[in-house]
Ligand SMILES: Cc1cc2nc3c(=O)[nH]c(=O)nc-3n(C[C@H](O)[C@H](O)[C@H](O)COP(=O)(O)O)c2cc1C
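Residue numbers (my numbering): 18 to 416.
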């Protein structure tokens, strides 16, 4: 996709370079437009080098509004699928909210036909000022998207809400805005479980497994990008993606309780978590001391979250499970599908070292009619998109 990155005159302007790099790496065509004030914080050369495109706007080599046979502001506005202003000053937002256009970026912003995203950054008192907030509300009223500033220590030494959001959050917001929505999934509420669970033996020791949760987190991202309202119940240490409701849990029992609270209001469930099948019978309140001779650990079964939720399924709700199998994977998965009453199961062949943590992976979908062509091998992000597209097609076909 084609992204015009507007960079304005704030101390966070240097972070736009990292965002430009991430966007180019993700396969987008990126052009930057620097305001005059922005060019005092970051050079056009940095942005042009990272994007492989000329940097428009203020530029000591050819200045604003360089002699050009084309009408630059209209051309750039038409070219862009999305204009992202990062960082956005109070000034540029004020101009656009009020229809002012006195330089290249502000003119592009009025001429733009694609989506517009703002990531403001400024002193916390400026951000809280009613004039700035009124401008934000006005821009939102035009359908513009925002990644709001976060709390933190600001360049001026003050602390408060005004710091540019993490570049990774802004990147994700751009990816979400540009991703095609899948109409049958859009605005649906979906519950996704991801990550390992941890079953404690005492305050310092735990039983867990090698899952990182990356497949489930990528699925959350891919469903979110398709327009889904994702509720992610997450074990382990991975960060939940932005734009997703995350409930963090530790044990299988915690995960079950979190899921049961959400499930009645959901349209579907994707159970990608690697839930421990057993837990220690007792969790000692204090650290267990070393003992002489063999020690015995008694394990008991944890609740079967997938089977419990599938058994409580209401009309219209659907359930997709995962099976990580190291042998006879298709046969085992087919019997799990039938036994638990699932609509589909995605089989992950984990023989050898495949599946866990490794980026490239393959999933074979199985439904009541049997196995479907495998998805992948692909990095987990791409695989997750393939899963969402496959499921969207099946729902649309009513099968
Ligand atoms: C050192 C310095 C830091 C600044 N940081 C910010 C900032 O973070 N956010 C902001 O809205 N304005 C900031 N300003 C003020 C803007 O640079 C000023 O309003 C300028 O006119 C913005 O122009 P532009 O919107 O065309 O880039 C800063 C000014 C200076 C001198």
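Note that the Cβ used here is the ideal one computed from N, Cα and C, for glycine as well.
No experiment lies behind these values; they were computed from the predicted model shown.
Heavy atom of ligand 1 within 7 angstroms of residue i beta-carbon
i, result
"residue 107", "yes"
"residue 53", "yes"
"residue 257", "no"
"residue 27", "yes"
"residue 138", "yes"
Beta-bridge partners of residue i, as assigned by DSSP
i, result
"residue 68", "DSSP, once it has assigned bridges, lists no residue as partnering residue 68."
"residue 210", "250 and 288"
"residue 378", "395"
"residue 163", "135"
"residue 20", "47 and 99"
"residue 295", "318"
"residue 176", "170"
"residue 335", "285"
"residue 224", "216"
"residue 363", "339 and 382"
"residue 105", "137"
"residue 388", "383"
"residue 263", "249"
When the options are compared against residue i, the one with the closest alpha-carbon
i, options, result
"residue 191", "99, 336, 181 and 151", "99"
"residue 255", "112, 66 and 265", "265"
"residue 236", "247, 226 and 283", "247"
"residue 385", "360, 395 and 29", "360"
"residue 167", "113, 187 and 317", "187"
"residue 156", "85, 113 and 334", "113"
"residue 323", "201, 310 and 277", "277"
"residue 82", "38, 228 and 121", "121"
"residue 50", "41, 101 and 42", "101"
"residue 176", "142, 184 and 301", "142"
"residue 64", "87, 85, 39 and 88", "39"
"residue 279", "295, 294 and 262", "262"
"residue 194", "181, 225, 238 and 227", "238"
"residue 294", "315, 310, 319 and 309", "319"
"residue 222", "391, 42 and 300", "300"
"residue 57", "31, 311 and 252", "31"
"residue 233", "217, 253 and 216", "253"
"residue 89", "126, 346 and 77", "126"
"residue 60", "78, 45, 43 and 44", "78"
"residue 159", "115, 196 and 182", "115"
"residue 228", "292, 216 and 174", "292"
"residue 329", "349, 43, 163 and 281", "281"
"residue 321", "389, 274, 85 and 93", "274"
"residue 91", "124, 76, 62 and 391", "124"
"residue 317", "216, 332 and 412", "216"
Beta-carbon spacing of residue i, residue j below 8 angstroms
i, j, result
"residue 290", "residue 341", "no"
"residue 219", "residue 305", "yes"
"residue 285", "residue 207", "yes"
"residue 52", "residue 27", "no"
"residue 288", "residue 240", "no"
"residue 179", "residue 140", "yes"
"residue 95", "residue 231", "no"
"residue 97", "residue 129", "yes"
"residue 105", "residue 137", "yes"
"residue 202", "residue 153", "no"
"residue 67", "residue 41", "yes"
"residue 407", "residue 337", "no"
"residue 260", "residue 189", "yes"
"residue 118", "residue 149", "no"
"residue 224", "residue 296", "yes"
"residue 347", "residue 381", "yes"
"residue 87", "residue 46", "no"
"residue 182", "residue 242", "no"
"residue 24", "residue 69", "no"
"residue 353", "residue 327", "no"
"residue 377", "residue 401", "no"
Nearest-angstrom beta carbon gap, residue j and residue i [assumed within contact, 8 angstroms]
i, j, result
"residue 29", "residue 22", "Residue 29 to residue 22, Cβ: 13 angstroms. No contact."
"residue 135", "residue 110", "6 angstroms"
"residue 283", "residue 250", "About 11 angstroms; that fails the 8 angstroms criterion."
"residue 269", "residue 325", "Not really, about 11 angstroms apart at Cβ, beyond 8 angstroms."
"residue 403", "residue 393", "7 angstroms"
"residue 383", "residue 334", "Residue 383 to residue 334, Cβ: 19 angstroms. No contact."
"residue 35", "residue 184", "5 angstroms"
Proximity test, residue i beta-carbon vs ligand 2 heavy atom, cut-off 7 angstroms
i, result
"residue 143", "Of the ligands this structure carries, namely ligand 1, none is ligand 2."
Test: residue i CB closer than 8 angstroms to a CB of chain C
i, result
"residue 399", "Among the chains of the structure shown, chain C does not appear; only one protein chain is present."
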